[in-house]
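Here the structure is laid out as structure tokens; the discussion comes afterwards.
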Amino acid sequence: MRTLAIDPTTSGFGFVVLEGSERLVDWGLGRLERPDDSLFEKRMEKLLDRVAPQVLILEDMEDSRRGERAITCARLAQMCAAKRGIRVERVSRAEVSEHFASSGKTRWDIGLAISRFFPELSPSLPKKRRIWESEDRRMTIFTAASFALTFLRRAEREEVLS
């Protein structure tokens, strides 16, 4: 199953494409010079057409503290996927924390675990930030990967139980 996971932010989005749960096909950042819905939508449509996923994975933002811009981008991504008949799944931060509990609590700890699982991502892992520093935008790649891996493990568990 080919999955595309994205993590939208105010300035763009990070994404990963997985084939199954162990093959990383593509990853990167979509940068937006300005917060423009039509520009985000065009980038998302182009990405969906290029990678042709069967599933788009987004964060379940229902109980999150995400900004309005990230929520809007997630809705736009969902609409773009729906137009193409692509299934959309959501993963909560709580599920991600539970899935990566043995790796640590912080996003950076989870990013480190992901970079060990997918060594090709190691050069993209920023140094651990200090509390007064902003988060490096490359962390969105690892956040997207955490959504994808959490969803795929959940799907595997559900398949075993059925």
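So the mapping is simple: the working numbering equals the position in the sequence shown, first residue as 1, plus 43.
Positions of the beta carbon are idealized from the N, C-alpha and C atoms, including for glycine.
On a predicted model such as this, the values are computed, not experimentally measured, just so you know.
Applying the criterion that 16 or more other CB atoms from any shown protein chain within 10 Å of the CB defines a buried residue, is residue i buried or exposed?
| i | result |
| --- | --- |
| Ala191 | buried |
| Gly57 | buried |
| Ala117 | buried |
| Glu199 | exposed |
| Glu178 | exposed |
| Trp70 | buried |
Whose C-alpha, out of the options, is nearest the C-alpha of residue i?
| i | options | result |
| --- | --- | --- |
| Ala124 | Lys171, Gln97, Arg112 and Val134 | Gln97 |
| Arg180 | Ser54, Arg45, Ile49 and Thr46 | Ser54 |
| Asp80 | Leu67, Arg109 and Ala113 | Ala113 |
| Ile157 | Ile49, Glu65 and Leu47 | Glu65 |
| Ala127 | Arg133, Glu111, Val94 and Glu102 | The question names Ala, but residue 127 is Arg in the sequence shown. The residue with the shortest Cα to Cα distance from Arg127 is Val94. |
| Leu72 | Met182, Ile174 and Glu201 | Met182 |
| Lys171 | Glu202, Asp106, Glu138 and Gly154 | Gly154 |
| Leu75 | Pro51, Asp69, Glu132 and Asp92 | Pro51 |
With a CB to CB cut of under 7 Å and the five nearest residues on each side skipped, what residues in its chain are close to residue i?
| i | result |
| --- | --- |
| Met87 | Leu119, Ala120 and Cys123 |
| Asp152 | Ser146 |
Tell me whether residue i sits in a helix, a strand or coil according to DSSP, three-state version.
| i | result |
| --- | --- |
| Arg66 | strand |
| Ile153 | helix |
| Pro51 | strand |
| Met178 | Rather than Met, the amino acid found at residue 178 in this sequence is Glu. Glu178: coil per DSSP, three-state reduction. |
| Arg77 | coil |
| Ile184 | helix |
Please say whether residue j and residue i have beta carbons closer to each other than 9 Å?
| i | j | result |
| --- | --- | --- |
| Glu62 | Arg45 | yes |
| Phe194 | Leu168 | no |
| Leu99 | Arg130 | yes |
| Leu47 | Ala188 | no |
| Val134 | Asp103 | yes |
| Gly196 | His142 | In the sequence under discussion, the amino acid at residue 196 is Arg, which differs from the Gly named in the question. Against a cut-off of 9 Å, the Cβ pair of His142 and Arg196 comes out as a contact. |
| Leu82 | Ile49 | no |
Determine, for residue i, whether the minimum Cβ-Cβ distance to residues of chain D falls below 9 Å.
| i | result |
| --- | --- |
| Thr53 | Here there is only one protein chain, and chain D is not present. |
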